[in-house]
Each structure stands twice: as C-alpha cells, then as structure tokens.
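Data block below; observations after.
Residue numbers (our numbering), protein chains in the order written: chain D, 358 to 591; chain E, 12 to 365.
In structure tokens, the structure reads:
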C-alpha cells in the first residue's frame, strides 16, 4: 500500500519533471536560435580578389583587396547617392561611401585575420592607405590596400578573410587565381582554400595523429566559411 | 520539488542566454572570441542555407518581373517560403512573443493575433521606411541605416519595458504567494498587524484577494492600481484573465517596430528597378510567412503554459508557486533579450561594416 502510493507519487513527480524539462528545452531553443553565433543568414555577399604585395627584401608589406558586392547590396549601397549619369557612378561620386565603408570596417578588423608562423596575431594590419569604390555593370567594388604595420618575413603566413558572424558571406572569386602575389620571392608558394574545402594535406595530418600534430595553420582555424590565403616560404 | 524545478528553469534560461552572449560578444569590439565560432549545423544550418539561397534569388526574380509579369507570382511564392523559414531561424521576435505569452498566461488565439500583428507591423515599417526615406526623400543607405538603428534602440527599450513590467507584476505575485505560504496560519486570524506595511498590502491586493477578503475592501489604498490589473491572484483561472489590448499593443510595437534589413534591401532594389510595388507585395507576403511560423511557435509556447497551469490547478499551493516561478522566469528572459540586444551582445542583423 505504502509502496503503491510511493509509486504513484514518483510517477506524478517524473511527469512534472518531464514538463519542466520540456519548458527548459523550449527556453533553450529560443535563446540559442536567437543568440548563437552564425545563427543569421547573410544578407550581403562579397567576392574577393586579393593581391599580396612584397618588398624587394622578400617581406610582405600589404594586401590589396578588391571586394565585389552582390547586385542587391550594390543597388542598396548606392541608393540616394547623387550622380550625373543614370546608372553610372564615378569614383568621386562614391568617395564618401568608400570613406564610410573603410571607417566602419575598422571595428571588424577589416575581416582579415592573420597567422604568422602558426601564431594568431592581432594588430598585424594598419588602416587602409588608399581606397575607392567603382561601379561597373551594376556591381559595386571596394578596392583598398591593407598595409602591414611592419613588413613580415615568415615561413608561414596565413590570412583568413571572413565574417565570424556570417552576416556577410565572403568568397574568393571564381577565377583560377583569386589571389596573386607581386614581387614575392620565387621560392614562396601560395595556396588558397575556399570555405568548406579541407586541403588533403591537412586532412591526412589530422587523421594520422601519431605522425605529427596537425599543422598549426589549420588547427582551430575552424571556421568553415573562412577564405584562407596561405603562403609558405622556405 | 516544483519550486526547485521552476528555479532550474529560471537558471537554465538565464545560463543559456548569457553563455551564448559571451560567445557572441566578440564581434562588437569587446575583443573577438579566441576560437572562431562554428557555423550552424543540422536543422538550423539547413534552414540558414536555404534562406540564403532563397534570398539571393530575390534580385534575379525582381529583375525578371520587369520583363515578365508572371515572374511576380514566383517571387511571391518564394517570399512566403522565405518568411516561414526566416522566422524559424534566428530573430528575437518569436522569443519575445513566446516569453510574453507564457509570462502573461495568454490564450493561443491571442498568441496568433500577436504574431500576425507584429509581423504585419514589421512589414509595414519596412515599406514606410523605404517609401518615405528612399522613394520620396532620396535618402542614402547610410541615412536609412541610422534611422533603423534609432528605431532599433527604441524597440529594444520597449522590450525591456514590457519584460520589466511583467516581471514586476509577476514577481510581486510570486513574493506574495511565498508570503502567503509562509504565514498561512496567520490569515485565519484575519488582519495580521505585522503585515501592515504598504508593500505587503499592495502584494496582498494582487495575490491574495481570494484568501483575504478584508483586503479587497481597501483596494483603493493599495499602491498603484495598475499592479492589480496585471497581476491577478495566483489562482490559475485568474492568470488567463481577459487582458485589455493595451498591454498586447506594447508587445506588438516592441517586436514589430524594427524593420528587418532583408525587407529593406528587397524594397530598395525593387525601387531601383522601378517596381516598388513588387517589393511591397513581396515584403507583406514575407510578413505573412513569418507570422505563420511565429504563430505556430507561440501556440506551442501557450500549450506548454497551459500544461503548467493544469499542473498548478491540480496541486494548489506549491503548484501555483511553480507556475508563478515560470512566469517570472519568462518575464526575466524578455528583459534579458532586450538588454542583450540593446548592448549589442546579441547581434540581430548587420549589413556591411555598419
């Protein structure tokens, strides 16, 4: 009798716990769906073309980026900007927009994240030196040179271009060489890795841990939407 | 046991909000997270990928509508689907509305109406914004961006206000119920002089009217009258009581005032193509899709709420306490959402750089 009563009581109890758990689940879903990183979908798409600029001594001094926006954002961004000819925006007419772009990009580290010899480094880049916008075939493109505060000579340099929050979808241009090097030492090798690509070399290192720890350049670089620029110099 | 359970709900809700916030905070200048956040996987990841691809095809479809009127139907169909998916993914709207419904013990009908009203307002806000700022005044994207930010701050403040008001009303009810449970025997002796402070009177007014009729006769003395309007007694049947539309309107405004960037982009793009009305139609259809999802989620939330209410009815006393606990937790969540949004810890939407 006592046992039966106990069973009933515990049955009720677990039922109420189940309800509470359901409520908790609901709360969790609300908040994670709302707050979690990368829980938004991008509204802006950027196609990247980049040029790595080297000094005669073989150190890298700057990256020249050309970021082309998708057509919806190109139209949006140029909305209300005065221009003389219909459908044509000159560099001068877009100058103040370029200013705004570059100024507000500072807060996001220009979406450029560097690793030098495997170490993640902040404050590698200075403020853009020359920048402008052009508008061709309804496509707005932001050109800017991102100088390195101090020229860098490294065996391994990695620059990731992406928005960690994924409000902006960055992607290398669909060319054969979306990234080029200018005046780089001959023995330096350039690799680009698109989001979702995992290079075979990195994969085999990961699978075969006894061989050696995964290369620092890939370990923890995690973001699958990162566009990686890798330069190896012996 | 139920008290503990409701505390778990409160703590759990806060922990999940705050821990996620800690991860997200980096992007706003407080220092980036040391590990790169992973993109969403599973259902959420799929949802986001779908939305992104739908969203990308808007531009092409609006262009096509220029040449071929039939393309508009395709665009509207896409807008509806996009709206449904969009609301299922991120967005504070559903969270605030659901928390609000749970905290207020609302009916599912009111939930559906709230969802549709706030989605409609949100679409209207985008149309009015672009219609006036861009189409009539020729404002730039930067100007519209600052206007959206101003609206955003106002709407986040309203969310905090709505949550705080609920929290105040429900929290008082909870405290009063605790008080009642503690001093239950005292009530048999009528008016306890030890309780004769203004606060306790006010609490008792809202929480104890069924237990202490003596207090009811002094209703006019019991602090601000509105506290009573919003915090009826802990008796379950009172919690779902007929609410005026006034308090619902505050929630609708708080959630729907801020136009979403996606709609603004579509509208500006359509405007540039000389097809503003296509953008307007797309925006409203998107709103209907959003409302469908939010209403479904709200109904779910209301269902969970009424289960809790039944539970509370079956065990008077502690059950009521647990119910009040859940409602207080839900209202705290609303305040938390508002604060996180306001301080930028919880990112909502962002266009390039700005």
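Every residue gets a Cβ at the ideal spot worked out from N, C-alpha and C, and that includes glycine.
Spatial distance of residue i from residue j (CA atoms)
i	j	result
residue 414(D)	residue 547(D)	18 Å
residue 242(E)	residue 259(E)	Residue placement at residue 242(E) cannot be trusted, given a pLDDT of 35 that sits under 50; what the coordinates show is reported in the next sentence. In a straight line, the C-alpha of residue 242(E) is about 15 Å away from that of residue 259(E).
residue 55(E)	residue 351(E)	21 Å
residue 129(E)	residue 400(D)	22 Å
residue 494(D)	residue 428(D)	9 Å
residue 272(E)	residue 315(E)	32 Å
residue 18(E)	residue 310(E)	Model confidence at residue 18(E) stands at a pLDDT of 43, short of 50, so the residue's coordinates are unreliable and nothing is read from them.
residue 414(E)	residue 65(E)	Residue 414(E) lies beyond the stretch modelled for chain E, which goes from 12 to 365, so this question has no answer here.
residue 544(D)	residue 147(E)	59 Å
residue 282(E)	residue 152(E)	13 Å
residue 537(D)	residue 408(D)	5 Å
residue 432(D)	residue 450(D)	14 Å
residue 165(E)	residue 511(D)	49 Å
residue 158(E)	residue 439(D)	20 Å
residue 541(D)	residue 138(E)	52 Å
residue 161(E)	residue 346(E)	19 Å
residue 572(D)	residue 474(D)	With a pLDDT of 41 at residue 572(D), under the threshold of 50, the predicted position of this residue should be treated as unreliable, and no value is reported.
residue 99(E)	residue 411(D)	48 Å
residue 73(E)	residue 292(E)	11 Å
residue 467(D)	residue 497(D)	17 Å
residue 107(E)	residue 144(E)	28 Å
residue 105(E)	residue 539(D)	51 Å
residue 521(D)	residue 193(E)	51 Å
residue 582(D)	residue 362(E)	17 Å
residue 336(E)	residue 185(E)	7 Å
residue 308(E)	residue 88(E)	22 Å
residue 330(E)	residue 97(E)	37 Å
residue 478(D)	residue 471(D)	6 Å
residue 423(D)	residue 442(D)	24 Å
residue 506(D)	residue 81(E)	55 Å
residue 445(D)	residue 68(E)	24 Å
residue 121(E)	residue 298(E)	18 Å
residue 355(E)	residue 62(E)	24 Å
Residue i, enclosing alpha helix (DSSP H) - first and last residue
i	result
residue 517(D)	From DSSP, residue 517(D) is part of no alpha helix (DSSP H) but of the beta strand (DSSP E) over 513–518.
residue 458(D)	452–462
residue 339(E)	329–354
Limits of the unbroken beta strand (DSSP E) element including residue i
i	result
residue 408(D)	401–411
residue 549(D)	546–550
residue 507(D)	496–509
residue 616(D)	For chain D, the structure presents residues 358 to 591; residue 616(D) sits outside this window and is missing.
residue 97(E)	No beta strand (DSSP E) holds residue 97(E); the alpha helix (DSSP H) holding it covers 82–99.
residue 525(D)	525–529
residue 491(D)	488–493
residue 417(D)	417–426
residue 477(D)	476–478
residue 472(D)	469–473
CA nearest to the CA of residue i, picked from the options
i	options	result
residue 338(E)	57(E), 174(E) and 88(E)	174(E)
residue 588(D)	528(D), 509(D), 552(D) and 527(D)	509(D)
residue 469(D)	503(D), 449(D) and 511(D)	503(D)
residue 155(E)	141(E), 170(E), 147(E) and 165(E)	141(E)
residue 550(D)	462(D), 411(D), 516(D) and 541(D)	516(D)
residue 301(E)	91(E), 80(E) and 278(E)	91(E)
residue 136(E)	329(E), 190(E) and 264(E)	264(E)
residue 458(D)	485(D), 472(D), 478(D) and 507(D)	485(D)
residue 60(E)	477(D), 398(D) and 411(D)	398(D)
residue 150(E)	420(D), 436(D) and 404(D)	436(D)
residue 483(D)	476(D), 491(D) and 464(D)	464(D)
residue 420(D)	481(D), 448(D), 525(D) and 528(D)	481(D)
residue 304(E)	320(E), 109(E) and 322(E)	109(E)
residue 348(E)	115(E), 71(E), 171(E) and 77(E)	171(E)
residue 403(D)	416(D), 418(D), 426(D) and 417(D)	426(D)
residue 163(E)	287(E), 344(E), 268(E) and 333(E)	268(E)
residue 417(D)	500(D), 447(D), 491(D) and 513(D)	513(D)
residue 167(E)	190(E), 274(E), 323(E) and 261(E)	261(E)
Residue i at chain C interface by Cβ criterion, 8 Å
i	result
residue 183(E)	In the displayed structure, chain C is absent; the protein chains listed are D and E.
Check: Taking any Cβ of chain D, which residues in the region 59–71 of chain E have a Cβ under 8 Å from it, in chain order?
Finding: 59, 60, 62, 63, 66, 67, 69 and 70
Notebook entry, point to check: Relative to chain D, which residues along the region 269–280 of chain E have a C-beta separation below 8 Å, given in chain order?
Noted result: 272, 273, 275, 276, 277, 279 and 280
Next item on the list: Scan the region 146–172 of chain E for residues whose Cβ lies nearer than 9 Å to a Cβ of chain D and list them as they occur along the chain.
Entry: 148, 149, 150, 151, 152, 153, 154 and 155
Notebook entry, point to check: Which full runs of the beta strand (DSSP E) of 3+ residues lie inside the region 257–306 of chain E, going along the chain?
Noted result: none
Notebook entry, point to check: Just by C-beta distance, which residues in the region 279–313 of chain E are closer than 9 Å to chain D?
Noted result: Going along the region 279–313 of chain E in chain order, one finds 279, 280, 282, 283, 284, 308, 311 and 312 with a Cβ nearer than 9 Å to chain D.
Check: According to a CB-to-CB cut-off of less than 8 Å, which residues of the region 411–432 of chain D neighbour chain E?
Finding: 426, 427, 428, 429, 430 and 432
Next item on the list: Please name the residues in the region 434–459 of chain D whose beta-carbon is closer than 7 Å to at least one beta-carbon of chain E, in chain order.
Entry: Listed in sequence order: 434, 436, 437, 438, 457 and 458.
Checklist line | beta strand (DSSP E) runs wholly inside the region 116–152 of chain E, at least 3 long, in chain order | finding: If only complete runs of 3 or more residues are kept, the region 116–152 of chain E shows no beta strand (DSSP E) anywhere.
Item checked: the region 529–555 of chain D: positions lying closer than 8 Å to chain E by Cβ -> none
Margin query: Residues of the region 502–528 of chain D in Cβ contact with chain E at a cutoff of 9 Å, in chain order, please.
Written below: 517, 519, 520, 521, 522, 523, 524, 525 and 526
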